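Enquirer: Residue numbers (numbering that gives the first Met the number 0), protein chains in the order written: chain A, 0 to 209; chain B, 0 to 209. Glycine included, every Cβ here is placed at the ideal spot set by N, Cα and C. Keep in mind it's a predicted model, so treat the numbers as computed, not measured. One structure is given below, represented as structure tokens, and several questions about it will come after.
There are 2 protein chains.
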Amino acid sequence: MCSRTNPRSSRTGRPRSPEADTAILKATRAALVELGWSKLTMGDVAGRAGVAKTTLYRRWANKSELVVDAVAVLFDELELPDLGSLQADIEHVVLQFAALLERPETKTALMAVVAESTRDAPLRERIRASIVDRQKRLVLTGRRRAQERGELPADRDPDAVDATDDLIFDVIAGAVVHRALVSAEPVDEAWVARLSALLVGGLGAVAALG
Amino acid sequence: MCSRTNPRSSRTGRPRSPEADTAILKATRAALVELGWSKLTMGDVAGRAGVAKTTLYRRWANKSELVVDAVAVLFDELELPDLGSLQADIEHVVLQFAALLERPETKTALMAVVAESTRDAPLRERIRASIVDRQKRLVLTGRRRAQERGELPADRDPDAVDATDDLIFDVIAGAVVHRALVSAEPVDEAWVARLSALLVGGLGAVAALG
DNA sequence: GCCTTTCGCTACGGGTCGTAGCGTAACTCT
DNA sequence: AGAGTTACGCTACGACCCGTAGCGAAAGGC
């Protein structure tokens, strides 16, 4: 997660304090809530965590990587219980994701780190590994379940399946983020019902593409 | 666009230089390309524009508002020619939007100002007025044309129509942004064909909701 | 006990912010 | 033509944050 996973190190010498790690990440989330992304400073986080500023820089190179790690753990909450139908599964996970985006920490942090990642390849990879992939797995299991139920046809061309998975992921995540942060309107049951109807109705047409 | 539209002022005294306005916005775009959002500074932009730093602050209160105005004009390029079918219209405008997002100025700036706007209501309104609404109009005209062609049923409940317009807008814009900036994969013809097939196929199901 | 690494602490140069003050330039109104 | 008003370029300023260096002390492995 953080740079503690360094292969050549931590074999000898004083080990890094795990309490400091968790305190820093917790302090980062608190600072995000109170100050938002742009006014959050490394010195402030260090003060909240009861830790020296140098301790932060020993673990994270900059603000972006720190915030990614601080927010990533929140995405562990996302789950995909089997509700019996593809549409119900979609609606449930979308509402979960929307609730996550409503939290002030994620609201101010997510777009900021993505914006930063457009000019920072390592950061982009970090976001992908600790946030994006975690969401994408939900799409894969949702599709598999729908196939087992017979709601979707079995796989033909594996490339087409991957492309459709990617598409569905970008459509769902993108639509929810855009609705919540750009349009700044609520992701409520009525909107989610429309979105899932659009997806379920459109999936047949996409599958026909081959 | 900028604060020059101030009612009480500009009646007497030296008028603001329009050349300075355009030079500043141009310099801002150039700085976005070279430095990106996070390393762009007001002093740097002033230097590029051949203008004093105080002149910038007389027009824009902060970096975010300046960048919104600098990027907003790029969205004037977006057009929706009538290509004869709903799917063709969608694919064309999506490719246009994707090309816009590929430009380094918009790539680094859009997400950043949206992130900032989560804690800044005036900025959010500025983005809505000068960027978001400009895109949303395309959805409205696209739907109207499709109805005239008979591809979509005529309006019944006006509330439902508005809700569907909002949904389509968030889905299209959100999916393209997410694909381009979060997944960081190309918005090419193959992907666009899948997306438009999903939308056209799903619109019928959404219309059935009432 | 020795070595290595982390810890908190202090201090630093460098950079950006946003503002104030100055004299000058440009335009309006009388 | 002159007075009044506003924008301009320039300089300087305190405040803040960055990221790093150096210190002595603490906490582990060998």
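Please compile the residues from chain A whose C-beta is within a distance smaller than 9 Å of the C-beta of N180 of chain B.
Expert: For clarity, residue 180 of chain B is Leu in the given sequence; the question names Asn instead. Here the neighbours are V113, A114, S116, T117.
Enquirer: So that I know if they touch, is there some Cβ in chain B lying closer than 8 Å to that of M110 of chain A?
Expert: yes
Enquirer: Exposed or buried, what is T107 of chain A when buried is set at 16 or more other beta-carbons lying within 10 Å of its beta-carbon?
Expert: buried
Enquirer: Could you confirm whether any beta carbon from chain A is found closer than 8 Å to the beta carbon of A254 of chain B?
Expert: Outside the displayed range of chain B (0 to 209) lies residue 254 of chain B, so it cannot be described from this structure.
Enquirer: Run the CB neighbour count on A204 of chain A, radius 10 Å, all protein chains shown included, and call it buried at 16 or more, exposed below.
Expert: Burial state of A204 of chain A is buried, judged by a 10 Å Cβ sphere holding 16 or more other Cβ atoms.
Enquirer: Quick check on G201 of chain A: buried or exposed, where buried means 16 or more other Cβ atoms within 10 Å of its Cβ?
Expert: buried
Enquirer: Anything in chain B within Cβ reach of G236 of chain A, meaning under 7 Å, just list it in chain order.
Expert: This structure gives no information on residue 236 of chain A, because the portion of chain A shown stretches from 0 to 209.
Enquirer: Hey, is H91 of chain B's beta-carbon within less than 8 Å of any beta-carbon in chain A?
Expert: no
Enquirer: Does V160 of chain B come within less than 8 Å of chain A when only Cβ atoms are used?
Expert: no
Enquirer: CA-CA distance, L139 of chain B and D132 of chain B?
Expert: Approximately 11 Å between the Cα atoms of the pair.
Enquirer: Taking Cβ-Cβ distances shorter than 7 Å, what residues in chain B pair up with K106 of chain A?
Expert: Against K106 of chain A, the close residues of chain B are T117, in the order they occur along the chain (beta-carbon pairs closer than 7 Å).
Enquirer: Could you list which residues in chain B have their beta carbon closer than 8 Å to that of G35 of chain A, in chain order?
Expert: Listed along the chain, the chain B residues whose CB falls inside 8 Å of the CB of G35 of chain A are T117, R118.
Enquirer: Three or more C-beta pairs closer than 8 Å, one from the region 55-71 of chain B and one from the region 97-112 of chain B: is that the case here?
Expert: yes
Enquirer: Do the region 82-96 of chain B and the region 186-197 of chain B touch if we need at least three Cβ pairs shorter than 8 Å?
Expert: Between the region 82-96 of chain B and the region 186-197 of chain B, the count of C-beta pairs closer than 8 Å reaches three or more; the two stretches touch.
Enquirer: To the nearest angstrom, report how far apart L39 of chain A and A98 of chain A are at their CA atoms.
Expert: 23 Å
Enquirer: Is A19 of chain A closer than 8 Å to T53 of chain A when the C-beta atoms are compared?
Expert: no
Enquirer: Kindly say whether D154 of chain B, judged by its beta-carbon, lies nearer than 8 Å to any beta-carbon of chain A.
Expert: no
Enquirer: Quick check: is the beta carbon of N5 of chain A nearer than 8 Å to any beta carbon in chain B?
Expert: Model confidence at N5 of chain A stands at a pLDDT of 46, short of 50, so the residue's coordinates are unreliable and nothing is read from them.
Enquirer: For chain B, check one thing: does any of its Cβ atoms lie closer than 8 Å to the Cβ of R123 of chain A?
Expert: Interface residue, yes.
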